[in-house]
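**Q** Residue numbers (this note's numbering), protein chains in the order written: chain E, 22 to 491; chain D, 22 to 491. We treat Cβ as the ideally placed atom computed from N, Cα and C, and that holds for glycine.
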């Protein structure tokens, strides 16, 4: 038993008999400590230099082990060269009990992935629920088909084909509890079917990587260019499945060009590979016409994923997948085995809500609100912090800005917190592709006044961080 | 590539170099074929005798491999000595696509685990939903704590402590999507924490076994006696966790005696082991006072699991766990990683429904209905098929009857289907403990008239099966 947090305190026993590579032994040792809770989420690891010296290893061995564990989602690397246990890495239960203290959010919080839940259409939703509870046949309240309610699959196929340019039949849809469950089931089913290597965008959401590693998939990062994922690098990676946020890359905001979309489809077709298209916030596009889903170009090679968490409320826990027909039985069986299906009343209410046009109405009402927030944020940054040039501003509920190289991401986030302001560094999303420091701003749940105040406070925090360096 | 279904058609390549035991090679070969879809759910395997002859093995090797795969949930054994691929074993997706044909239920169906969803309290539920949508603070619609809504945890702790004799604080509860998800998360968290061997009742629900095997736990069956699980056999098994349906054993209906309950708690305390108490239908007890949950005797060593699927409707997908405090952080993290929480509106509506006493009212209304169905079924069996003496009749929504030894379970089930009648053999629930053939009758979703007609048809089917033998 050992504590973590500084060099000299991470005890890993290494066998130097030439049997197992040293970096693999080190990976296994750290992974075990995270799994059994001895290394807690958020705990800092020694620097690679310090740990290498401590264990009598070359620094390259430690760097290689850290990189692999970052790719698997166990660790996150932060600018300044240090490495943390990922905030939601599996925590153990035979160590001391972790506390269940719920984090208090900062007063102004640019945290990503929050829609404005104060705008949830409560009255319209209640009308749909009343209709469902009055009219739905009794058998709808029993166990359903693993794909979910037929009413909702019909309504969503119509909606997605119309609004997102997909090519979906109701029988190819599967309703799940949001993208977390949907992506986990996809990766488990693909791993069981013999898929081996998942390519992800670099940078990208890191939580999925630990899910992929748990399913037994190898994870490789592919750089994101200005027009989308680098398909040449994807080709060279040997991946048999790739996950893309093509409509609005997370976190960079890049929109995948038509040429890259075509190249992705050609890659999948050439290798009989699969594309997982996480279309998480495509409903919100402000400056140009929405771009249709890749799924519409190649229904046999794309798994399309959408969610109500960004458009209505995360609390609904509703997501949907469009599957190539050959994947439907295995995915339906996996969903049934996982939790016997999603909440039926929510599914039926959402089906009614979509079919009656309430979902379109809600989106029409929300788009100008989010656009105003986006414009307010862009203007405030241009006024207060002109060095920060936002990228990814044409869609969604977030944007990203690179940071000047002399401003440390984590020092800035810490300084901002002292103003009760939450800002979020880019580097936890990076795998191995280097890039400048940056911040990811979610603005969906803020008011315009809070955005303006938040940027003013951020400017003070930036000045403070610089004064501290100087 | 090979087809299954008869001896001579199951090609498994065996290496006879003494490296890996032959039964393990055979297990791995069959497991792979089930996983990749070449052996489909429901497919019949060759008899152990035929396969042994075909592969040049002793029959014991084949029997050992089949038994292990039955324990893991990949196979089910049926009376008459044959073995099937479990109906929901993972089906592959690179073979031919499995069909998504939804089974048509027989006209009269004694299938287990169906409450009467026609009695779902729609009006009262809608009142709760209206209250929630009118009054709930906005932030309830965002992501919640991994344990679920505090309102529901408070309401359920009060309810369970009052009605089931548990000793629960709201902070120890976790809301999940029903027992399928709850038990999967428990087994995954325990396996990650170093638990190794899960004891289950023999006979018991077989689906859990494949979940346990997938989590990396070894599964051992422990016979159920007239007063509950055999604790001496449990002691000898070396298990570090046991799953019991103590209030009303599934499928035998046995009620665990106070002595066995005390012995279970002493076992857990002695070995620092855990008891998972699946209290799936304890709300329905007809002939004597309800027996409190084991959890109340030993909160530190019992994980208690309950569900709304048997009392309200499976479609709600609501279940709850009471956890020893040291398991709460890991389970909350596992639930968040799994699907980011259960449907919030259902949770809040159920909290209101329970807190306003509507749940008690619903159960008071349903108990005499189910009791009438139970009485009708017992009387009809006594009249039409007096050889079938029901066991497990004091509680729940099902009962079991042994069958006379000259009546084959599967032949009877097949004969009954020709009368559009669904009856369900006992043997798929057995692991290795031998016992007479039997039938499990679920009666929760039938009318008294259908029960009477179903038993009359069953009597004709029994006569037909006997005539066929004679």
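1. Would you list, in sequence order, the uninterrupted alpha helix (DSSP H) runs of no fewer than 4 residues that lie entirely inside the region 124-181 of chain D?
2. Between the alpha carbons of residue 9 of chain E and residue 247 of chain E, how many angstroms are there, rounded?
3. Is the CB of residue 139 of chain D under 9 angstroms away from at least one CB in chain E?
4. Identify the continuous alpha helix (DSSP H) that holds residue 371 of chain D and give its terminal residues.
5. Quick check on the DSSP output: the beta strand (DSSP E) that includes residue 462 of chain E runs from which residue to which?
6. Let's see if you can read the secondary structure: which residues bound the alpha helix (DSSP H) around residue 292 of chain E?
7. Measuring straight from C-alpha to C-alpha, what distance separates residue 37 of chain E and residue 90 of chain D?
8. Less than 9 angstroms between the beta carbons of residue 327 of chain D and residue 301 of chain D, yes or no?
9. Return the Cβ separation of residue 185 of chain E and residue 314 of chain E in integer angstroms, given the expectation that the two are a contact with Cβ distance under 8 angstroms.
10. For residue 360 of chain E, return the contacting residues in chain D, with the cut-off set at a CB-CB distance below 7 angstroms.
11. Using a Cβ-Cβ distance under 9 angstroms, would residue 144 of chain E count as near chain D?
12. In angstroms, rounded to a whole number, what distance separates the CA positions of residue 486 of chain D and residue 441 of chain D?
13. Excluding sequence positions up to five away, which residues of its chain have a Cβ less than 7 angstroms from the Cβ of residue 396 of chain D?
14. Using beta carbons (cut-off 9 angstroms, strictly below), is residue 113 of chain D in contact with chain E?
15. Would you mind telling me which residues of chain E sit closer than 7 angstroms to residue 440 of chain D, beta carbon to beta carbon, in chain order?
16. Quick check on residue 410 of chain D: buried or exposed, where buried means 16 or more other Cβ atoms within 10 Å of its Cβ?
17. Give the secondary structure of residue 408 of chain E by DSSP, where H, G and I count as helix, E and B as strand, and everything else as coil.
18. Do residue 245 of chain E and residue 275 of chain E count as a contact pair if the criterion is CB distance below 9 angstroms?
19. Quick check on the burial criterion: 16 or more other C-beta atoms within 10 angstroms. Buried or exposed for residue 81 of chain D?
20. Please give the ranges of any alpha helix (DSSP H) in the region 414-484 of chain E, keeping only runs that are unbroken, at least 4 residues long and fully inside the region.
21. Is it buried or exposed, residue 489 of chain E, if we count other Cβ atoms within 10 angstroms and call 16 or more buried?
22. Please confirm if residue 135 of chain D has its CB atom under 9 angstroms from at least one CB of chain E.
23. Return the chain-ordered list of same chain residues with a C-beta closer than 7 angstroms to the C-beta of residue 391 of chain D, the five sequence neighbours on each side being excluded.
24. Could you give the C-beta distance for residue 368 of chain D and residue 149 of chain D, rounded to a whole number, given that I count them as a contact under 8 angstroms?
25. How about residue 466 of chain D: is its C-beta nearer than 9 angstroms to some C-beta of chain E?
26. Looking at residue 225 of chain E and residue 1 of chain E, is the spacing between their C-beta atoms short of 9 angstroms?
27. Near residue 172 of chain D, which residues of its chain fall below 7 angstroms by C-beta distance, leaving aside the five closest residues on each side in sequence?
28. By the 8 angstroms beta-carbon criterion, what residues does the region 147-169 of chain E contribute toward chain D?
29. Can you check DSSP and say which residues form a bridge with residue 244 of chain E?
30. To the nearest angstrom, how far is it from the Cα of residue 242 of chain D to the Cα of residue 404 of chain D?
31. Does any residue of chain D have a CB that is nearer than 9 angstroms to the CB of residue 299 of chain E?
32. Do you know how far the Cα of residue 383 of chain E is from the Cα of residue 51 of chain D?
33. Closest to residue 215 of chain D by CA distance: which of D:348, D:359, D:176 and D:53 is it?
34. Chain E beta carbons: is any one of them nearer than 9 angstroms to that of residue 205 of chain D?
35. Taking CB distances under 9 angstroms as the criterion, tell me whether residue 62 of chain E reaches chain D.
36. Using 10 angstroms around the beta-carbon of residue 298 of chain D, count the other beta-carbons present and answer buried if the total reaches 16, otherwise exposed.
**A** Taking the structure as given:
1. As far as the region 124-181 of chain D is concerned, its whole alpha helix (DSSP H) runs of at least 4 residues are 143-156.
2. Only positions 22 to 491 of chain E appear in the structure, and residue 9 of chain E is not among them; the question remains open.
3. At least one chain E Cβ lies under 9 angstroms of residue 139 of chain D.
4. Unbroken alpha helix (DSSP H) run through residue 371 of chain D: 365-376.
5. 459-463 is the extent of the beta strand (DSSP E) around residue 462 of chain E.
6. Here the alpha helix (DSSP H) through residue 292 of chain E covers 279-292.
7. Separation of residue 37 of chain E and residue 90 of chain D (C-alpha to C-alpha, rounded to the nearest whole angstrom) is 39 angstroms.
8. Judged by their CB atoms, residue 327 of chain D and residue 301 of chain D are nearer to each other than the 9 angstroms cut-off.
9. Contact holds; Cβ gap of about 5 angstroms.
10. Neighbours of residue 360 of chain E across chain D, judged by C-beta separation under 7 angstroms: 198, 199, 201, 202 and 338.
11. Yes, contact with chain D.
12. Looking at the backbone, the Cα of residue 486 of chain D and that of residue 441 of chain D are separated by about 16 angstroms.
13. So no residue of the chain qualifies.
14. Residue confidence for residue 113 of chain D is low, a pLDDT of 36 falling below 50, so the modelled location carries little weight; the figure read from the coordinates is stated next. Yes, residue 113 of chain D counts as interfacial toward chain E.
15. In chain order: nothing, as chain E lies at least about 22 angstroms away.
16. Exposed is the call here.
17. DSSP places residue 408 of chain E in coil when its eight states are reduced to three.
18. In this structure, the beta-carbon distance from residue 275 of chain E to residue 245 of chain E falls below 9 angstroms.
19. An exposed status is given to residue 81 of chain D, since fewer than 16 other beta-carbon atoms sit within 10 Å of its beta-carbon.
20. The DSSP assignment places complete alpha helix (DSSP H) segments of no fewer than 4 residues inside the region 414-484 of chain E at 430-439, in order along the chain.
21. It is exposed - the Cβ of residue 489 of chain E has fewer than 16 other Cβ atoms within 10 Å.
22. So, interface residue.
23. Excluding sequence neighbours, residue 391 of chain D sits near 305, 418 and 465.
24. Not quite, the Cβ-Cβ distance comes to about 11 angstroms (not below 8 angstroms), so this is no contact.
25. Chain E has a Cβ within less than 9 angstroms of the Cβ of residue 466 of chain D.
26. Because chain E here runs from 22 to 491, residue 1 of chain E falls outside it and cannot be looked at.
27. Cβ contact annotation for residue 172 of chain D (same chain, cutoff 7 angstroms, sequence separation greater than five): 369 and 372, in chain order.
28. If the cut-off is 8 angstroms between Cβ atoms, the region 147-169 of chain E has 147, 150, 151, 154, 155, 159, 160, 161, 162, 163, 164, 165, 166 and 168 near chain D.
29. Paired residue(s): E:223.
30. Just so you know, the alpha carbons of residue 242 of chain D and residue 404 of chain D end up roughly 35 angstroms apart.
31. For residue 299 of chain E, no CB of chain D lies under 9 angstroms from its own CB, so it is not counted at the interface with that chain.
32. Roughly 52 angstroms between the two C-alpha positions.
33. Ranking D:348, D:359, D:176 and D:53 by Cα distance to residue 215 of chain D puts D:348 first.
34. Taking Cβ atoms only, chain E reaches closer than 9 angstroms to residue 205 of chain D, which makes this a yes.
35. Yes, its Cβ sits closer than 9 angstroms to a Cβ of chain D.
36. Burial state of residue 298 of chain D is buried, judged by a 10 Å Cβ sphere holding 16 or more other Cβ atoms.
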